[in-house]
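> Sequential numbering from 11 applies to the sequence shown in this note's numbering.
We put the beta carbon where it would ideally sit given N, CA and C, even for glycine.
From a predicted model like this one, the values you see are computed outputs, not experimental measurements.
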Amino acid sequence: MASEIRMPAPVCLIENTEGQLVVNQEALEILSATKNPLVVVAIVGLYRTGKSYLMNKLAGKNKGFSIGSTVQSHTKGIWMWCMPHPKKPDHTLVLLDTEGLGDVEKGDKKNDTQIFALAILLSSTFVYNTMNKIDQRAMDLLHHVTELSNLLWTVSSPDLDGVEDTTNFANFYPDLVWTLRDFYLDLEIDGQLITADEYLEKSLKLKEGTDKSLQNFNLPRLCIKEFFPIRKCFIFDSPAHWKKFAQLETLRNDELDPDFVQQVAAFCSYIFNRSKTKTLSGGIKVNGPHLKSLVQTCVNAISRGDLPCMENSVVALAQIKNSAAVKKAIAHYDQQMDQKLQLPTETLSELLDLHGACEREAIEIFMKNSFKDVNQKFQKQLETLLEARKDDFCNQNMEASWSRCSALLQAIFGPLENEVTQGIYSKPGGHFLFIQKTEELKARYYQQPRKGMQVF
Ligand SMILES: Nc1nc2c(ncn2[C@@H]2O[C@H](COP(=O)(O)OP(=O)(O)OP(=O)(O)O)[C@@H](O)[C@H]2O)c(=O)[nH]1
Ligand SMILES: [Mg+2]
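#1: Could you check which residue in Lys302, Ile199 and Thr260 has the C-alpha nearest to that of Lys71?
#2: Per DSSP, Lys242 forms a beta bridge with which residues?
#3: Straight-line CA distance for Leu111 to Asn297?
#4: With distances taken from CA atoms, which of Val51, Ala311 and Tyr183 is nearest Val32?
#5: Any idea what DSSP makes of Glu371, helix, strand or coil?
#6: Nearest-angstrom Cα distance between Ser76 and Asn160?
#7: I'd like to confirm something about Thr156: is its beta-carbon nearer than 6 Å to some heavy atom of ligand 2, or not?
#8: Reducing DSSP to helix, strand and coil, say where Glu356 ends up.
#9: Nearest to Thr189 by CA position, among Ala276, Glu218 and Glu369, is which residue?
#10: Could you tell me which residues DSSP pairs with Val104 in its beta bridges?
#11: Count the other C-beta atoms from every protein chain shown that fall within 10 angstroms of the C-beta of Arg262, then say buried if there are 16 or more, exposed otherwise.
#12: If you run the structure through DSSP and keep just helix, strand and coil, what is Tyr456?
#13: Count the C-beta pairs between the region 281-296 and the region 86-103 that are closer than 8 Å, then say yes if the count reaches three, no if not.
#14: Is DSSP giving Glu474 helix, strand or coil here?
#15: Is Tyr63 near ligand 1 - that is, is its Cβ less than 6 Å away from at least one heavy atom of it?
#16: Under the DSSP definition of a beta bridge, which residues are partnered with Lys295?
#17: For Ile24, list the residues DSSP reports as bridge partners.
#18: Cβ atoms of Asn121 and Gly55: under 7 Å apart, would you say?
#19: Return yes when at least one heavy atom of ligand 2 lies under 6 Å from the C-beta of Thr189, else no.
#20: In or out: Asp171 buried (at least 16 other Cβ within 10 Å) or exposed?
#21: Quick one: using the 10 Å Cβ neighbour count with 16 as the cut-off for buried, is Ala148 buried or exposed?
#22: Which residues in the same chain as Ile240 place their Cβ atom closer than 6 Å to its Cβ, once the five residues preceding and following it in sequence are excluded?
#23: I'd like to know whether the C-beta atoms of Phe388 and Asn332 end up nearer to each other than 7 Å.
#24: Report yes if the C-beta of Gly78 is less than 6 Å from at least one heavy atom of ligand 1; otherwise report no.
#25: So if DSSP puts Thr140 in a beta bridge, which residue, or which two residues, is it bridged to?
#26: Verify the contact flag: Thr59, CB atom, against every heavy atom of ligand 2, threshold strictly below 6 Å.
#27: When you compare each of Lys222, His154 and Gly462 to Glu356 by their alpha carbons, which one comes out closest?
#28: In terms of DSSP beta bridges, what is Glu198 paired with?
#29: Tell me, to the nearest whole angstrom, how far the beta carbon of Asn379 is from that of Lys338; I am working on the premise that it is less than 8 Å.
#30: Exposed or buried, Gly420, counting other C-beta atoms within 10 Å across all chains shown (16 or more means buried)?
#31: The alpha helix (DSSP H) that contains Pro249, what's its start and end?
#32: Please say whether Leu210 and Cys5 have beta carbons closer to each other than 7 Å?
#33: Please report how far the alpha carbon of Lys73 lies from the alpha carbon of Leu151, in whole angstroms.
#34: So, Ala372 versus Tyr343, is the Cβ gap smaller than 7 Å?
#35: Per the DSSP calculation, Thr135 is bridged to which residue(s)?
#36: Assign Thr205 to buried or exposed, taking buried as 16 or more other Cβ atoms, counted over all protein chains shown, within 10 Å of its Cβ.
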């Protein structure tokens with residue numbers, strides 16, 4: 011039986027002091043000793059929105075992750091609490107509570123983004139905690155940081171199969187759970203009651219059309235759907251009268267709003283029953299030592315500056331993905347031409363038709379894999395490469411035709427040359443015989459297939 015870890019209280023996993031992220035050795039030692047597969051649940055959201063309180067509910071405790079009752083942001087860095095999984099034998103549940111985003115006193119968006127990205131990369135279930143409703147700002151933030159996490163993963167995880175495969179987010183992306191706190195709206199659209207999940211899906215619904223504003227509307231939604239194919243939404247009433255918030259930790263369930271108690275129970279049940287084991291590409295089930303090295307890899311990459319600031323991240327990601335898309339398209343074209351083209355071709359259009367078909371497939375592959383190809387920069391690059399390959403094939407075709415024709419001429423007319431040298435035709439009637447033989451050989455030459463365009 012694998013080791014079980016019981017921590018009486020959370021420890022800091024990643025310290026965040028003056029904008030610098032430092033991994034805490036004590037937490038790494040705990041991870042080293044945790045050999046069970048891990049289910050990692052991380053929570054992220056704006057500061058002062060009840061994240062730590064909700065994570066304590068998952069731990070089944072009133073106290074644990076520290077809760078602040080003032081307006082000052084409370085949790086700093088990322089805190090970790092490991093415990094035996096309540097539903098999965100021989101699995102460890104790892105709760106990660108993160109520093110709140112948007113603290114006005116801190117005012118450091120870049121540092122916020124780093125913590126957000128780490129939570130995405132380290133977790134198997136990622137809880138995105140927002141207040142009241144799903145709004146565009148929360149959606150944009152999730153979209154940008156998700157892109158960024160993907161970029162960080164792309165540039166800093168040598169274990170992956172290569173850039174092309176990073177589009178396969180399912181390998182390492184967590185499931186998304188969107189929690190809406192102090193939700194006071196009616197879940198109703200056009201007079202129809204809807205579920206919280208339907209509300210989330212409705213918010214992520216794409217609009218039809220191609221104009222720029224629609225594209226801007228659709229892009230974050232498309233990306234969130236692509237990154238997080240498994241999504242769930244929970245709404246929560248306010249836990250109690252606001253005057254009781256300062257002592258919330260000490261309140262028993264019967265002193266809390268009963269709807270809130272029920273909503274927390276449904277949330278915990280989903281997390282315990284549905285959250286997956288953290289898995290890396292290749293199906294590696296992450297245990298403590300794996301998570302330890304993942305933490306170190308990600309924090310080192312961030313410290314090295316591999317995580318660009320948010321504004322540059324999408325551009326950088328687009329560069330990486332589009333270069334990979336060009337490579338993939340060209341590889342497909344080369345492979346298809348190699349398989350189907352036999353030089354020399356009988357006619358030029360035979361070659362051009364085949365090139366055209368492979369070119370179309372290559373462009374289709376590029377389109378499928380490209381991302382935000384502004385001004386079609388990379389598509390044009392692909393077209394230039396394909397054009398150069400076409401010219402190259404045309405030249406090769408001429409050369410192949412030339413070689414084949416020369417070889418045929420030599421093989422067919424060579425013996426005639428010998429006969430002329432031997433004087434076989436230097437006799438009466440020889441000229442007629444020579445003409446007859448020449449016509450015969452010419453006919454044989456013309457009968458030969460695949461001489462190409464250099465045929466004389
Ligand atoms: N309005 C409201 N307040 C809550 C809720 N849950 C907890 N609180 C209170 O909000 C305050 C902050 O709670 P925390 O759990 O520390 O919030 P946090 O998001 O972890 O805050 P940071 O660590 O600063 O990011 C405390 O006074 C809690 O009692 C909730 O669902 N709604
Ligand atoms: Mg907190």
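In short, the structure shows the following:
#1: As a position in the sequence shown, residue 71 is number 61, starting the count at 1. Check the Cα spacing between Lys71 and each of Lys302, Ile199 and Thr260: the tightest is with Thr260.
#2: Here residue 242 is taken as the residue at index 232 of the sequence shown, counted from 1. Beta-bridge pairing links Lys242 to Val187.
#3: The sequence position of residue 111 within the sequence shown is 101, counting from 1. The sequence position of residue 297 within the sequence shown is 287, counting from 1. Their backbone Cα atoms lie some 28 Å apart in a straight line.
#4: The residue given as residue 32 occupies position 22 in the sequence shown. Looking at the Cα atoms, Ala311 is the closest of the given residues.
#5: Translated into positions along the sequence shown, residue 371 becomes position 361. Reduced to three states, the DSSP call for Glu371 is helix.
#6: By one-based count along the sequence shown, residue 76 stands at place 66. By one-based count along the sequence shown, residue 160 stands at place 150. C-alpha separation (whole angstroms): 30 Å.
#7: To locate residue 156, count along the sequence shown from 1; it is residue 146. The answer is no for Thr156.
#8: Numbered from 1 along the sequence shown, position 346 holds the residue referred to as residue 356. Three-state result, Glu356: coil.
#9: Your numbering for residue 189 matches position 179 in the sequence shown. Of the listed residues, the one whose Cα sits closest to Thr189 is Ala276.
#10: Sequence index remark: in the sequence shown, residue 104 carries index 94 (1-based). Answer by DSSP bridge pairing, in chain order: Val50 and Cys92.
#11: By one-based count along the sequence shown, residue 262 stands at place 252. Result: exposed.
#12: Working through the sequence shown from its first residue, we reach residue 456 at position 446. Reduced to three states, the DSSP call for Tyr456 is helix.
#13: yes
#14: In this structure the chain extends from 11 to 466, so residue 474 is not present and cannot be described.
#15: To locate residue 63, count along the sequence shown from 1; it is residue 53. For ligand 1, at least one heavy atom lies less than 6 Å from the Cβ of Tyr63.
#16: One-based indexing of the sequence shown puts residue 295 at position 285. For Lys295, which the question treats as bridged, DSSP gives the partners Thr289.
#17: As a first step, residue 24 must be located in the sequence shown, where it is residue number 14. Among the bridge pairs identified by DSSP, Ile24 is matched with Val33 and Ile88.
#18: Taking the sequence shown and counting its residues from 1, one reaches residue 55 at position 45. Taking the sequence shown and counting its residues from 1, one reaches residue 121 at position 111. Cβ atoms of Gly55 and Asn121: not closer than 7 Å.
#19: Position 179 of the sequence shown, counting from 1, holds the residue named residue 189. For Thr189, the Cβ stays outside the 6 Å cut-off from all heavy atoms of ligand 2.
#20: As a first step, residue 171 is located in the sequence shown; it is residue number 161 there, counting from the start. Residue confidence for Asp171 is low, a pLDDT of 34 falling below 50, so the modelled location carries little weight and cannot support an answer.
#21: Within the sequence shown, numbered from 1, the residue matching residue 148 stands at position 138. Buried, since its Cβ has 16 or more Cβ neighbours within 10 Å.
#22: The sequence position of residue 240 within the sequence shown is 230, counting from 1. Answer for Ile240: Asp185, listed in chain order.
#23: Here residue 388 refers to the residue found at position 378 of the sequence shown. Here residue 332 refers to the residue found at position 322 of the sequence shown. Yes, Cβ-Cβ distance for Phe388 and Asn332 is below 7 Å.
#24: By one-based count along the sequence shown, residue 78 stands at place 68. Yes, the Cβ of Gly78 comes within 6 Å of a heavy atom of ligand 1.
#25: Along the sequence shown, one-based indexing puts residue 140 at 130. According to DSSP, which records beta bridges pairwise, Thr140 is partnered with Leu190.
#26: Numbered from its first residue, the sequence shown carries residue 59 at position 49. No, the Cβ of Thr59 stays beyond 6 Å of every heavy atom of ligand 2.
#27: The residue you call residue 356 lines up with position 346 of the sequence shown. The candidate whose alpha carbon is nearest that of Glu356 is Gly462.
#28: As a first step, residue 198 is located in the sequence shown; it is residue number 188 there, counting from the start. Paired residues: Leu203.
#29: Within the sequence shown, residue 379 is the residue found at index 369, counting from 1. Within the sequence shown, residue 338 is the residue found at index 328, counting from 1. With 8 Å as the limit, Asn379 and Lys338 qualify as a contact, their Cβ atoms being about 6 Å apart.
#30: For the purposes of this step, residue 420 is taken as the residue at position 410 of the sequence shown. Looking at the sequence shown, residue 420 is not Gly but Gln. Label assigned to Gln420: exposed.
#31: As a working note, residue 249 is residue 239 in the sequence shown. Neither: Pro249 is in no alpha helix (DSSP H) and is coded neither H nor E.
#32: Outside the displayed span of the chain (11 to 466) sits residue 5, for which this structure offers no information.
#33: Counting from one through the sequence shown, the residue named residue 73 turns up at place 63. Counting from one through the sequence shown, the residue named residue 151 turns up at place 141. Their backbone Cα atoms lie some 30 Å apart in a straight line.
#34: For the purposes of this step, residue 372 is taken as residue 362 along the sequence shown, with counting starting at 1. For the purposes of this step, residue 343 is taken as residue 333 along the sequence shown, with counting starting at 1. In this structure, Tyr343 lies closer than 7 Å to Ala372 by Cβ.
#35: For the purposes of this step, residue 135 is identified with residue 125 of the sequence shown, where counting begins at 1. DSSP output for Thr135 lists Val51 and Asp185 as bridge partner(s).
#36: The residue labelled residue 205 in the question sits at position 195 within the sequence shown. Answer is exposed; the Cβ neighbour count stays below 16.
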